[in-house]
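Here the sequence shown is numbered in numbering that gives the first Met the number 0, starting from 0 and rising by one per residue. So the structure is just underneath, and the comments pick up after that.
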Amino acid sequence: MENNIEQAPGKNRQTGPVITAVIITVILIFFTIMSLMAPGKKLKEIRLKFGPEETSENQPDERLYSDSAYMALLKERSFFQARTSMAETDSVYMTLNLSDSTANLEISGVTVHSVKISSFRFSGILKRTDDYAISSMLAQPMNITGDLATIKKEPLMVKMAPKDTSEFKPDVIPDTSNYEPVNYILEMDNGIRIYVYQTTDTLKSNNRRRFYFDLRDRLSTAWQYAKSAAMFKVPEYHPFIKIRLPKADAKIIYRALPRKGQVAVYM
Numbered sequence: 000m001e002n003n004i005e006q007a008p009g010k011n012r013q014t015g016p017v018i019t020a021v022i023i024t025v026i027l028i029f030f031t032i033m034s035l036m037a038p039g040k041k042l043k044e045i046r047l048k049f050g051p052e053e054t055s056e057n058q059p060d061e062r063l064y065s066d067s068a069y070m071a072l073l074k075e076r077s078f079f080q081a082r083t084s085m086a087e088t089d090s091v092y093m094t095l096n097l098s099d100s101t102a103n104l105e106i107s108g109v110t111v112h113s114v115k116i117s118s119f120r121f122s123g124i125l126k127r128t129d130d131y132a133i134s135s136m137l138a139q140p141m142n143i144t145g146d147l148a149t150i151k152k153e154p155l156m157v158k159m160a161p162k163d164t165s166e167f168k169p170d171v172i173p174d175t176s177n178y179e180p181v182n183y184i185l186e187m188d189n190g191i192r193i194y195v196y197q198t199t200d201t202l203k204s205n206n207r208r209r210f211y212f213d214l215r216d217r218l219s220t221a222w223q224y225a226k227s228a229a230m231f232k233v234p235e236y237h238p239f240i241k242i243r244l245p246k247a248d249a250k251i252i253y254r255a256l257p258r259k260g261q262v263a264v265y266m
């Protein structure tokens, strides 16, 4: 009896870490399951909002959705519709043509700046799922609702007031972004996030800053996922489009776009 009594505390100490490990494992499994469900939830929302209406009298034959020629024409029409809608405004807007790897700034339908996209990739649900629903969604211009960047939207220019007009000389303040890596994220109103990175930089400091920029975004996303999972809700998934541009062009596009600008994408 005495031996049993003496061993009891040891058993409790061994059981504690096991219970903790089991709880952590269950939480991680639950978090993983909820995260895996997020893309499916987003796709379902897109299909409900932009998919063909079952009661529509003019609904095309479903066999057309598997016709590559028909879907190619549908994508071109969607891109044209989005560009036409944006051309009616007086603002600068961006078009991304991933088919020919170009990023363009346009005003009233006229291209004022064009750059070749070095590389790109995007979420699987934007390509390998419901082409009709995705094309219908992209037929509408995407509105920028927010951004996160490693450079300022407008460079700060400081000028000293002269005593009189004869002493006036424009102060040339160097744009510090010439020495800073250019990376930014554009948040769209339909949930898509457009990531723009400058092309590969040989400076280790720039690569390190891009790493921390990505890490900050990933941690923010993980935190949002954790909060949703804690409330037993499927997290909000954000489809992404990631492109790489030359540094100077990436900066031009970011600063030319209005804060609440518009974007059209052809995939």
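Here a beta-carbon is modelled for each residue, glycine too, at the ideal position from N, C-alpha and C. Computed from a predicted structure; not experimentally measured.
How far does the beta strand (DSSP E) with residue i in it reach, from first residue to last?
i: residue 240; result: 239 to 244
i: residue 266; result: Counting along the chain, residue 266 falls outside any beta strand (DSSP E), and DSSP gives it neither H nor E.
i: residue 113; result: 109 to 115
i: residue 235; result: From DSSP, residue 235 is part of no beta strand (DSSP E); its letter is neither H nor E.
i: residue 187; result: 182 to 187
i: residue 230; result: That residue, residue 230, is in no beta strand (DSSP E); it is neither H nor E in DSSP.
Roughly how many angstroms separate the alpha carbons of residue i and residue j, rounded to a whole number?
i: residue 34; j: residue 237; result: 12 Å
i: residue 73; j: residue 264; result: 13 Å
i: residue 230; j: residue 18; result: 23 Å
i: residue 40; j: residue 233; result: 8 Å
i: residue 143; j: residue 189; result: 9 Å
i: residue 36; j: residue 89; result: 41 Å
i: residue 92; j: residue 136; result: 18 Å
i: residue 179; j: residue 20; result: 44 Å
i: residue 79; j: residue 44; result: 24 Å
i: residue 85; j: residue 117; result: 25 Å
i: residue 149; j: residue 70; result: 38 Å
i: residue 124; j: residue 99; result: 21 Å
i: residue 222; j: residue 32; result: 16 Å
i: residue 105; j: residue 262; result: 10 Å
Assuming residue i is part of the alpha helix (DSSP H), what are its boundary residues?
i: residue 97; result: Looking at the DSSP string, residue 97 is not in any alpha helix (DSSP H), and its letter there is neither H nor E.
i: residue 105; result: That residue, residue 105, is in no alpha helix (DSSP H); its beta strand (DSSP E) goes 101 to 106.
i: residue 76; result: 67 to 86
i: residue 133; result: 130 to 137
Assuming residue i contacts residue j (C-beta within less than 8 Å), just tell me the rounded distance between them.
i: residue 208; j: residue 132; result: Contact doesn't hold; Cβ gap of about 37 Å is too wide.
i: residue 122; j: residue 239; result: 5 Å
i: residue 146; j: residue 183; result: 6 Å
i: residue 242; j: residue 102; result: 7 Å
With hydrogens ignored, establish whether the beta-carbon of residue i is closer than 6 Å to any heavy atom of the ligand COA.
i: residue 23; result: Ligands are entirely absent from the displayed structure, and the ligand COA is therefore not among its contents.
Cβ contact check for the stretch 100 to 114 and the stretch 20 to 35: 3 or more pairs under 8 Å: no
Sufficient close CB pairs (3 or more, under 8 Å) joining the stretch 245 to 260 to the stretch 212 to 229: no
Any 3 or more C-beta pairs closer than 8 Å across the stretch 217 to 227 and the stretch 247 to 256: no
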